[in-house]
Each structure stands twice: as C-alpha cells, then as structure tokens.
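Engineer: Everything in the sequence shown is counted per the UniProt record's numbering, starting at 1 for the first residue and increasing by one.
Pasting a structure below so you can have a look.
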Amino acid sequence: MKVKITRNAAKQLNAVLEQEEDKELKLRAYITHAHGDHAHYGLALDKPTEEDVVISTDKEIDVIVKKDEPLLDGIVIDYLYTPQEGYVITNPSKGNHGDH
1 MKVKITRNAA KQLNAVLEQE EDKELKLRAY ITHAHGDHAH YGLALDKPTE
51 EDVVISTDKE IDVIVKKDEP LLDGIVIDYL YTPQEGYVIT NPSKGNHGDH
C-alpha cells in the first residue's frame, strides 16, 4: 500500500504531531463513506490495531490505514490554502481527483 503526503500537508501535520503529548499516536487516514468507485476520506490521530498497516512516507510521517482496503491504497494527502484552507485527500490511482 502507498500513501503520499505533499510538502504543504507535511508542514501542517508535523506542527500537529509536535504539539501532541502522546508520542505513540500516529496519523490515521480512513474512509468516512464510499460510494461507487470512490470514497470520502478523513484524518485523525490514533494508534494502530491488528486490522491496520502503518505506511512510512517520504516526509517521515507514518500513516495508519486499514489493511486490505483498496480505496486507501494510493491516497494523496494535501493541504490547500485556497479556495478554502484545509486538508484534501484524493486517490488518483483510483480515478478520484476531486475534493474528497
């Protein structure tokens, strides 16, 4: 499984992770709901379980995802400043290029 974090997202995520007191927490990417061939995603701080896999990224941020969930394989976590500031998660490998 692959997860990519952009430079903007890594900057924001590192700030959040540095402030967190529980250093065992990692970033979790999850599906809030799926329909058809695409999904809507969310982010949280969490600890991995037996149902998860931890992906190391090139930005030195580990991301927890649920094992065997094809819509999480290949996600890109970005942080945009316009038109609305916030995280945007897409999965170009699954044809999901929109704001999900």
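The beta carbon of each residue, even a glycine, is placed where N, CA and C say it ideally should be.
Since we're looking at a predicted model, the values are computed, not measured.
#1: What residue range is occupied by the uninterrupted alpha helix (DSSP H) comprising L13?
#2: DSSP state of D99, grouped into three classes?
#3: Can you pull the DSSP bridge partners for K4?
#4: Could you have a look at K23 and say whether DSSP puts it in helix, strand or coil?
#5: Throw me the rounded Cβ distance for the A44 and L71 pair, which I believe falls under 8 Å.
#6: Taking the CB atoms as reference points, tell me whether K47 and E24 lie closer together than 8 Å.
#7: Does the Cβ-Cβ distance between G74 and D37 come in under 8 Å?
Structural biologist: According to the structure data:
#1: Note, L13: alpha helix (DSSP H), R7 to Q19.
#2: Interpretation of D99 is limited by its pLDDT of 49, a score under 50 that renders its predicted location unreliable; the figure taken from the coordinates is listed afterwards. If DSSP states are grouped into helix, strand and coil, D99 belongs with coil.
#3: Residue pairing by DSSP places K4 opposite V76 in a beta bridge.
#4: Here DSSP, grouped into helix, strand and coil, assigns K23 to coil.
#5: Between the beta-carbon of A44 and that of L71 there is about 17 Å, and that puts the pair past the 8 Å contact cut.
#6: Contact flag set, yes.
#7: The answer is no: Cβ separation not under 8 Å.
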